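Worksheet for the structure shown next.
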Amino acid sequence: MVFSQQVGRFRAGDPAPLYLQLRQLLRDAITGRVLAEDDAIPAERELALEYDVSRITVRKAIGGLVEEGLLTRRRGAGTFVAARVEKSFSTITSFSEDMESRGRVPSSQWVSRTSGTVTPQEALSLGLSPGTPVYRFHRLRFADGVPMALEMSTIAGFCLASADDVGGSLYAALDAAGYRPVRALQRLRAVAFSADHAAMLAVEKGHAGLSIERRGFLRDGRAVEFTQSYYRGDAYDFVAELIDG
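Sequential numbering from 910 applies to the sequence shown in the numbering used here.
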C-alpha cells in the first residue's frame, strides 16, 4: 500500500505550514495505531516525492516526532515508530527499573529536592502527625533522552538521612536504607496537560496524559511514599492482570 493511503493526505485549504500538517498526519497514524510499533517510516526523499514537499519540510516533520518520542532513529537503518512503554500494575517498580528492563536508558532532571514538615494533604496520605519531617523530590524523567513523565514524591523523613541520598533512582535509595515499599495503592485517571506540564514534557497544552497517585507501604503497614506522577499518554500503556474470583 502507498504510504499516503495509510496515513492520509493534506487537507485542502489547511493554512498550517506543510511540515506541521505532515507531522500531524504521522502523529495521528501513530496514536491511532494505523502505524504499529517498529514500523519503518519511508526515507526523506520518498516522503518528499509522495507529498510533493521539500526534504527540509519532511526533516522538520520527522524531527518533531523524534523529539516527542513517537519516532526513533536507528543508525544505519532509518526511522521507526517508537515502542510504547508497557507498565504493569501488578508489581511495584520504579521508573528506572521499568526503562532498564526494556533496554532503554533512564535519566532524570531535578526540578527540586527539598526537606520540610508534612503538609495537611501529605499527612493524610501518609498517616503522619503534623510537624513530621519529610523529603520532597520533584523530577522530570527521561527514556533515551526523551521526556516521559513528571514525578513529585514525598517520603517520610525517617526513611533517609538526607535528600542527597537520592541519585538516579528513588527506590534504589529506599532499598539501600531498608525502607523500600513492599505494597502500594495506585489511582489512575486521564488528564489534559496544563501549559506548564506540557512544556516540560515537550508536548502541546491539552495533550492527553495519565495521572497516577501512589501510596507505598512497608511490610509493617506504615506508609512511607506518596507520589503524584504525570505520564505521557502517547508513550505509555498500563496493564493490569485480572483474576476471576
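Cβ coordinates follow ideal geometry from the N, Cα and C atoms, glycine included.
No experiment lies behind these values; they were computed from the predicted model shown.
Assuming residue i contacts residue j under a Cβ cut-off of 8 Å, what Cβ separation, rounded to an integer in Å, is found between them?
i	j	result
Ser1062	Thr1136	4 Å
Val990	Arg982	Not a contact, Cβ separation roughly 12 Å.
Leu1072	Arg1022	Sequence inspection shows Ala at residue 1072; the Leu mentioned does not correspond to that position. Between Arg1022 and Ala1072 the Cβ distance is about 5 Å, and since that is below 8 Å, they are a contact.
Leu1069	Ala1086	6 Å
So what's residue i in DSSP terms, helix, strand or just coil?
i	result
Phe919	coil
Tyr1140	strand
Tyr1088	coil
His1106	helix
Arg1013	coil
Glu1113	coil
Glu976	helix
Gly987	strand
Thr1002	coil
Arg942	coil
Ala992	coil
Ala957	helix
Ala1081	helix
Ala1032	helix
Ala1072	helix
Give me the residue from the options with the minimum Cα distance to residue i.
i	options	result
Met1109	Leu1059, Ser1071, Gly973 and Gly1036	Leu1059
Leu956	Ile971, Glu946, Asp948 and Leu1127	Ile971
Leu907	Leu1127, Thr988, Ser1120 and Ala1101	Residue coverage of the chain in this structure runs from 910 to 1154, which leaves residue 907 outside it and unanswerable.
Leu1035	Thr1000, Ala1065 and Asp948	Ala1065
Gly1115	Glu1122, Phe1102, Ile1121 and Ala952	Phe1102
Leu1097	Leu935, Met1057 and Gly1142	Gly1142
Gln1095	Val1112, Thr1002, Ala938 and Gln933	Thr1002
Tyr1044	Met1057, Val1027 and Leu1033	Val1027
Ser1120	Ala1107, Tyr1139, Ala1093 and Ala1104	Tyr1139
Ser963	Cys1068, Leu931 and Arg942	Leu931
Ala986	Glu1122, Ala949 and Leu1037	Ala949
Pro1042	Phe919, Leu980 and Phe1067	Phe1067
Ala938	Asp923, Leu980, Ala925 and Asp961	Leu980
In its own chain, which residues sit with a C-beta less than 6 Å from the C-beta of residue i, not counting the 5 before and 5 after it?
i	result
Asp1053	Arg1013 and Val1014
Ala992	Glu946
Met1008	Pro1015 and Ala1052
Val1100	Gly1118 and Ser1120
Thr940	Asp1143
State the beta-bridge partners of residue i as determined by DSSP.
i	result
Gly1025	Val1043
Ile1121	Leu1097 and Ser1138
Leu1049	Gln1018 and Leu1059
Ile971	DSSP output for Ile971 lists no bridge partner at all.
Phe1126	Arg1092 and Ala1132
Ile965	None, per the DSSP bridge assignment.
Ala949	Phe989
Ala925	According to DSSP, which records beta bridges pairwise, Ala925 is partnered with nothing at all.
In chain order, what residues of the same chain lie with their CB nearer than 8 Å to the CB of residue i, ignoring the 5 residues before and after it?
i	result
Ser1017	Arg1048, Leu1049, Arg1050, Phe1051 and Gly1077
Glu959	Val911, Phe912, Ser913 and Pro951
Ser1005	Pro1015, Gly1077, Ser1078, Tyr1080 and Ala1081
Glu977	Arg936, Val1055, Ala1111, Val1112 and Asp1143
Glu953	Arg964, Val967, Arg968 and Ile971
Beta-carbon within less than 7 Å of residue i's beta-carbon, same chain only, minus the 5 sequence neighbours each way: which residues are those?
i	result
Leu1127	Tyr1088, Pro1090, Val1091 and Val1133
Lys969	Tyr928
Between residue i and the ligand MN, is the CB less than 7 Å from at least one heavy atom?
i	result
His1047	The ligand content of the structure shown is nil, which means the ligand MN is not present either.
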